[in-house]
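**Q** Here it is: the structure, laid out below.
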Amino acid sequence: MDERIAETIAETVPAIVPIVRIQAEPFDAAAEASALVRGRTDVGAVVTFTGLCRDEGGRLAALELEHYPGMAQAEIARVAGEAARRFPLQGLVAIHRYGVIRPGEEIVLVVAVSPHRRAAFEAADFMMDWLKTKAPFWKREHPLGEAETGGWVSSKAEDERAADRWVR
Amino acid sequence: MDERIAETIAETVPAIVPIVRIQAEPFDAAAEASALVRGRTDVGAVVTFTGLCRDEGGRLAALELEHYPGMAQAEIARVAGEAARRFPLQGLVAIHRYGVIRPGEEIVLVVAVSPHRRAAFEAADFMMDWLKTKAPFWKREHPLGEAETGGWVSSKAEDERAADRWVR
Amino acid sequence: MAVKILYFAWVRERVGKTEEVVEPPAEVTTIADLVAWLKGRGEEYAYAFENETVIRAAMDQLHVHRDAVITGAGEIAFFPPMTGG
Amino acid sequence: MAVKILYFAWVRERVGKTEEVVEPPAEVTTIADLVAWLKGRGEEYAYAFENETVIRAAMDQLHVHRDAVITGAGEIAFFPPMTGG
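Chains as they are written, first to last, in our numbering: chain A, 233 to 400; chain B, 233 to 400; chain C, 1101 to 1185; chain D, 1101 to 1185.
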């Protein structure tokens, strides 16, 4: 390949292809993290974020996550691609579950891998802030001890503000 | 216990006791994280940071970490206690290895657990910044293909600046 | 122009369907126009879109603003602010 | 006053020992005084402390500044800036 073309591609194309999965099944955070690092000797930092379902003081039996199938995958892939462009990453995984998830179970996983800790921390933080406000998922509560399904979780102004930290 | 005394204690003593270990042996990041969360239904966020030995472009055979045994434990416990006071955590683990560590192997682990992601991210970030500048460990390089031990790793001004972000 | 519309979460519950194909008249050119036109189709729509500024829209699986032009869209979705993560 | 001194990393290598017990005279009251006194004990000490402001100190396993008073200390350590994590 012509060297000038190769340089142009290196500047515009992210060095890594993030792994994005939307699934009902549980995930294995440790296995995802070690898959990114296995066989490499150039990684310095791995940041793993796991988001879990809380029982909200014993009030909740479960959360039910509805999603927009095609767009959920596409939107998280866009956010992950932006993270890969902004931060010098060696690997990035994002997994988001849907369906009924009980307290103590995992909802979302982000793993960011980089030579240095700052990029890994910032990429994971960025991913979560943008996932919260851009990924088409909606949580509905299933209160404990009631036959009826509960209400939809409201979006938080603090999540909008958190995402705004990254606007540039 | 008198209720007023109990309240006073709750205000001044961190709600959690961080787990701090200094060891030569490898650690199991996933096991440490799940031990903090197991049986709980009030956790919302788990942030795991793992620091690994890099080969520095194939130049290094290993890093050797010297430490000040009693003080390493005491100093990391002090940093962890400060993190527990600053952030609303439900659990905090810090493990730092010493001895000869090869590229791809893990050096340091921090796991922070909280109801909300911001506290978990900030606590892990804070821990790493302060560990870098306060924990009495010194890295020496073992270059590949040389009989002689290499030089001591120099401290970085950027690590000092990173730690200064948290001064208040 | 026929266009597929998807509804999610409480917008879906209020409209009472997950998706439908509609044929709005030619003068409906933006997301805002489409919302106004849908509201005229029955009280379930009026209820779903009663607080219009809260509702988010996506066109062919991309987030869009109220003034986005819908000409040529294959799939338009309406939903509340997202609460994933 | 007898006090135990520990050395780490390249400070240890330059001094040529990991620890020792010393008895500085009464006028040695601060970390800076102790460094100055140690430097007079031989060229290995002069070499170890040649760039004094780089060397860090801990007293009874707590980081201290150069002007810290050492009276009553059980254990004093000297080392380069830390590079853990």
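Where a beta carbon is used, it is the ideal one built from N, C-alpha and C, also for glycine.
Strictly under 8 angstroms for the Cβ-Cβ distance: is A/F369 near chain C by that measure?
**A** It does: the Cβ of A/F369 has a partner Cβ on chain C nearer than 8 angstroms.
**Q** Which residues bound the beta strand (DSSP E) around A/S346?
**A** Segment E338 to S346, the beta strand (DSSP E) holding A/S346.
**Q** Does chain B have any CB closer than 8 angstroms to the CB of A/V279?
**A** At least one chain B Cβ lies under 8 angstroms of A/V279.
**Q** Can the beta-carbon of B/I339 be found less than 8 angstroms from the beta-carbon of B/G382?
**A** No. Outside cutoff.
**Q** So, B/F369 versus B/L297, is the Cβ gap smaller than 8 angstroms?
**A** A contact, by the Cβ cut-off of 8 angstroms.
**Q** Against chain C, with Cβ distances strictly below 8 angstroms, would A/T365 count as a contact?
**A** Yes, its Cβ sits closer than 8 angstroms to a Cβ of chain C.
**Q** Per DSSP, B/K364 forms a beta bridge with which residues?
**A** B/K364 is not bridged to any residue.
**Q** Starting from the beta carbon of D/H1163, find every residue of chain B whose beta carbon is closer than 8 angstroms, and list them in chain order.
**A** Those are E307 and K366, listed as they occur along chain B.
**Q** Suppose you measure from the CA of B/A326 to the CA of C/I1170; what does that come to, to the nearest Å?
**A** Spanning the two alpha carbons is a distance of roughly 53 angstroms.
**Q** Is D/M1101 buried or exposed, if buried means 16 or more other CB atoms sit within 10 Å of its CB?
**A** Exposed.
**Q** Run through the DSSP bridge pairs and tell me what C/I1176 is partnered with.
**A** C/I1176 pairs with C/I1105 and C/M1159.
**Q** Touch check for the region 312 to 319 of chain B and the region 257 to 268 of chain B: three-plus C-beta pairs under 8 angstroms?
**A** Segments in contact, no.
**Q** Interface residues of chain B around A/F353 at Cβ under 9 angstroms?
**A** Correct list: V279, F281, F353, A356, D357 and M360.
**Q** What's the C-alpha gap between B/A415 and A/Y330?
**A** Absent from the model: residue 415 of chain B. The displayed extent of chain B is 233 to 400, so no value can be given.
**Q** Identify the contact partners of B/R397 in chain A, using a Cβ-Cβ distance below 8 angstroms as the criterion.
**A** Result: empty, since nearest Cβ-Cβ is about 11 angstroms, beyond 8 angstroms.
**Q** Can you tell me whether DSSP reads B/P335 as helix, strand or coil?
**A** Three-state DSSP puts B/P335 in coil, outside helix and strand.
**Q** Name the chain C residues that come within less than 7 angstroms of A/E298, Cβ to Cβ?
**A** Here the neighbours are F1108 and A1109.
**Q** I'd like to know whether the C-beta of B/P320 is nearer than 8 angstroms to at least one C-beta of chain A.
**A** It does not: the Cβ of B/P320 has no partner Cβ on chain A nearer than 8 angstroms.
**Q** What is the DSSP secondary structure of A/F369, reduced to helix, strand or coil?
**A** The answer is strand: DSSP assigns A/F369 an E or B state.
**Q** Between the region 1135 to 1155 of chain C and the region 346 to 356 of chain A, are three or more C-beta pairs nearer than 8 angstroms?
**A** Touching, no, given that fewer than three Cβ pairs across the two stretches are closer than 8 angstroms.
**Q** Taking DSSP's pairing of strands, which residues face A/V278 in a bridge?
**A** In DSSP, A/V278 forms a bridge with A/V345 and B/T282.
**Q** Quick check on C/A1126: does DSSP put it in helix, strand or coil?
**A** In this structure, C/A1126 counts as coil in the three-state DSSP scheme.
**Q** Classify B/A263 as buried or exposed, calling it buried when 16 or more other Cβ atoms lie within 10 Å of its own Cβ.
**A** Exposed, because fewer than 16 other Cβ atoms sit within 10 Å of the Cβ of B/A263.
**Q** Just curious, the alpha helix (DSSP H) that A/L297 is in, first and last residue?
**A** Not the alpha helix (DSSP H): A/L297 falls in the beta strand (DSSP E), residues L292 to H299.
**Q** Are the region 269 to 289 of chain A and the region 269 to 281 of chain B touching, with three or more C-beta to C-beta distances below 8 angstroms?
**A** The region 269 to 289 of chain A is in contact with the region 269 to 281 of chain B.
**Q** Identify which residue in D/T1130, D/F1108, D/G1116 and D/A1132 has its Cα closest to the Cα of D/E1143.
**A** Nearest option by C-alpha distance: D/G1116.
**Q** What are the boundary residues of the beta strand (DSSP E) that includes A/L324?
**A** It spans G323 to R329 - the beta strand (DSSP E) in which A/L324 sits, taken as one unbroken run.
**Q** Please tell me whether C/G1184 has its Cβ less than 8 angstroms away from any Cβ of chain A.
**A** Interface residue, yes.
**Q** What did DSSP end up calling A/R318 once you bin it into helix, strand or coil?
**A** If DSSP states are grouped into helix, strand and coil, A/R318 belongs with the helices.
**Q** Where A/A309 and C/M1159 are concerned, what is the direct C-alpha to C-alpha distance, given to the nearest angstrom?
**A** Using only the alpha carbons, I get a separation of about 17 angstroms.
**Q** Do C/T1183 and A/S387 have their C-beta atoms closer together than 8 angstroms?
**A** Contact: yes.
**Q** Can you tell me which of B/P250, B/R400 and B/Y300 puts its alpha carbon nearest to the alpha carbon of D/H1163?
**A** Of B/P250, B/R400 and B/Y300, the residue nearest in Cα terms is B/Y300.
**Q** Excluding the 5 residues flanking A/A394 on each side, which residues of the same chain have their C-beta closer than 6 angstroms to its C-beta?
**A** The residues are D361.
**Q** Could you round the C-beta distance between B/A344 and B/L321 to whole angstroms and report it? I think they count as a contact, below 8 angstroms.
**A** Sure, about 6 angstroms apart at Cβ, within 8 angstroms.
**Q** Shortest alpha-carbon distance to B/R349 belongs to which of B/E373, B/E378, B/T365 and B/F319?
**A** B/R349 has its Cα closest to that of B/F319, out of B/E373, B/E378, B/T365 and B/F319.
**Q** Of all the residues that make up the region 258 to 276 of chain B, which are near chain A by a beta-carbon distance shorter than 9 angstroms?
**A** Going along the region 258 to 276 of chain B in chain order, one finds D260, A261, A262, A263, A265, S266, V269, R270, G271, R272, T273, D274, V275 and G276 with a Cβ nearer than 9 angstroms to chain A.
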